[in-house]
Amino acid sequence: MAGFRFPGFGPSAPRPAAFGADPSGERMARIRRSPHFRDGVFQNPGGATRTRPAGSAVEFARIYFDRESRLRRAPRSPVPVHATTLADLARPPATGLRLTWTGHSGVLAEIDGRRVLFDPVWGERCSPFPFAGPKRLHPVPVPLAALGPVDVVVISHDHYDHLDMPTIKALAGTDTLFAVPLGVGAHLERWGVPADRLRELDWHESTRVGGLTLTATPARHFCGRGLRNTQHTLWASWVVAGEEHRVYHSGDTGYFDGFRDIGAAHGPFDATMIQLGAYAEFWPDIHMTPEEGVRAHLDLQQGRPGGVLVPIHWATFNLAPHAWAEPAEWTKDAAEEAGQAVAFPRPGEPFEPAGTLPVEAWWRAVSGPIAHPWRCPRIAEGVAGTHREDLGLAGGR
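Residue numbers (my numbering): 33 to 429.
In structure tokens:
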């Protein structure tokens, strides 16, 4: 095999467009000035963070590619997507805040007269290639064009399941603004987004869009799209505050003490959109379990139940060994134990956090049987007293 190269990936081959672009020039100079950039890479809060699977690669492969495991990681029948229409979204929210989960981490937030679209992924696969990589487990609930005008698109980081080139290219043809973490603008510019429509922020920096203030806040994750991961683009969670309402989007993150700081500085929130799917004992530092997601929400609400938790980063792509519907079941249990309100919308189902919440366990009708290992006696002490090392993890990234 010496000297073999995949077609199109020789040393002189052009960089695939889906890989985006590396920061350079003044953008790279700004990255080097960031207090969060050290030793040539962006650093996570809380010290060393494992960004690659821990433990045995053989054991991970055995679990991930096991036939029975693969069957558990997908719904058994079609996901009941809500057929969102332009009419659903044309009337203003009665309470001033409406959320529409579009699948995975995508959410349309209509807040105080403005429209914010988080992590939109309309592509069929979260991959640089149209023929390989995790494929959607349900169709998009609404055509991108049917969403109507969007004031600002917010991106949490540059992984393929959050930053989708076809979606960004389609949005580049509108007049929307883009708020992105430091360095991510290089990808968007390569895909046709003009520099004057980019708001590129370091952690704790803010920008104004209409009557909204958008603030990039810390997260515990990593970045990279190409074969060579330079760690030169930042990852972030986001706070969006209007005159009357405020919401939080976690992006991808492991649990860390910084949620309390974000809550103290910017909370409490009317709604939080929290990553709590695709977790695993193989990468505990960079994704949260549902128990940790509920704990993060409580931290953001200054230590007590409040607002509405919206689970994201589940149901749409098969990214981890856990059962497809396990994140919803575990979240439901953990939130009930904590006395925390949770919304469980079907993909595409608009709802208002101050109104009637969608709480039906709709996934049960299309899921296989779900084990409940988190109910084991070791972690029955309650959400607040549970620690990561005590979790009976059921798999998942």
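Each residue gets a CB set at the ideal place from its N, CA and C atoms; glycine is no exception. Just so we're clear, the structure is a prediction, and the values are computed from it rather than from any experiment.
Range of the contiguous beta strand (DSSP E) that encloses residue i
i: Pro213; result: Leu209 to Pro213
Beta bridge counterpart(s) of residue i as assigned by DSSP
i: Leu149; result: Leu140 and Val185
i: Ile344; result: Gln307
i: Thr507; result: This structure does not reach residue 507, given that the chain is present from 33 up to 429, and the question cannot be answered.
i: Thr127; result: In DSSP, Thr127 forms no bridge with anything.
i: Trp406; result: Note: Trp406 sits in no beta bridge, so no partner.
i: Thr239; result: Leu246
i: Arg157; result: Lys167
i: Val216; result: Answer by DSSP bridge pairing: none, since Val216 is not bridged.
i: Val374; result: Leu341
Per-residue burial, residue i [other beta carbons within 10 Å of its own, 16 or more giving buried]
i: Leu149; result: buried
i: Ser399; result: buried
i: Gln334; result: exposed
i: His404; result: exposed
i: Ala296; result: exposed
i: Phe69; result: buried
i: Asp317; result: buried
i: Val174; result: buried
i: Val185; result: buried
i: Leu118; result: exposed
i: Thr247; result: buried
i: Glu275; result: exposed
i: Thr388; result: exposed
i: Pro124; result: exposed
i: Pro353; result: buried
i: Arg59; result: buried
i: Gly180; result: exposed
i: Asp207; result: exposed
i: Glu142; result: buried
i: Gly57; result: exposed
i: Leu203; result: buried
i: Glu313; result: buried
i: Pro226; result: exposed
i: Pro322; result: buried
i: Leu103; result: exposed
Under the three-state DSSP convention, the category residue i falls into
i: Phe291; result: helix
i: Thr232; result: The residue you asked about is not Thr; residue 232 is Glu in the sequence shown. Strand at Glu232.
i: Ala119; result: helix
i: Gly417; result: With a pLDDT of 39 at Gly417, under the threshold of 50, the modelled position of that residue is not reliable, and no figure is offered here.
i: Ala386; result: coil
i: His298; result: helix
i: Arg70; result: strand
i: His277; result: coil
i: Trp223; result: coil
i: Trp395; result: helix
i: Gly135; result: strand
i: Ala352; result: coil
i: Ala204; result: helix
i: Leu266; result: coil
i: Phe254; result: coil
i: Ala50; result: helix
i: Arg104; result: helix
i: Ala312; result: coil
Boundaries of the alpha helix (DSSP H) in which residue i is found, first to last residue
i: Trp270; result: Where Trp270 is concerned, there is no enclosing alpha helix (DSSP H), although the beta strand (DSSP E) it sits in stretches over Ser269 to Ala273.
i: Ala370; result: Glu358 to Ala370
i: Ala248; result: Looking at the DSSP string, Ala248 is not in any alpha helix (DSSP H); the run it does join, the beta strand (DSSP E), is Leu244 to Thr249.
i: Val326; result: Pro322 to Leu332
i: Ala61; result: Gly57 to Arg65
Pair within 7 Å by beta-carbon distance, residue i and residue j
i: Tyr280; j: Glu324; result: no
i: Ala375; j: Phe383; result: yes
i: Trp154; j: Val182; result: no
i: Thr199; j: Pro152; result: yes
i: Asp395; j: Ala355; result: Note that residue 395 is Trp in the sequence shown, not Asp. Contact: no.
i: Gly371; j: Pro337; result: yes
i: Glu285; j: Ala251; result: This sequence places Thr at residue 285; Glu is not what is there. Yes, the pair counts as a contact, with Cβ atoms nearer than the cut-off.
i: Arg229; j: Leu209; result: yes
i: Leu5; j: Ala310; result: In the structure as shown, the chain starts at 33 and stops at 429, and residue 5 therefore has no counterpart that could be examined.
i: Pro112; j: Arg378; result: yes
i: His114; j: Glu361; result: no
i: Glu237; j: Gly217; result: no
i: Trp270; j: Cys255; result: no
i: Leu341; j: Phe291; result: no
i: His277; j: Leu129; result: yes
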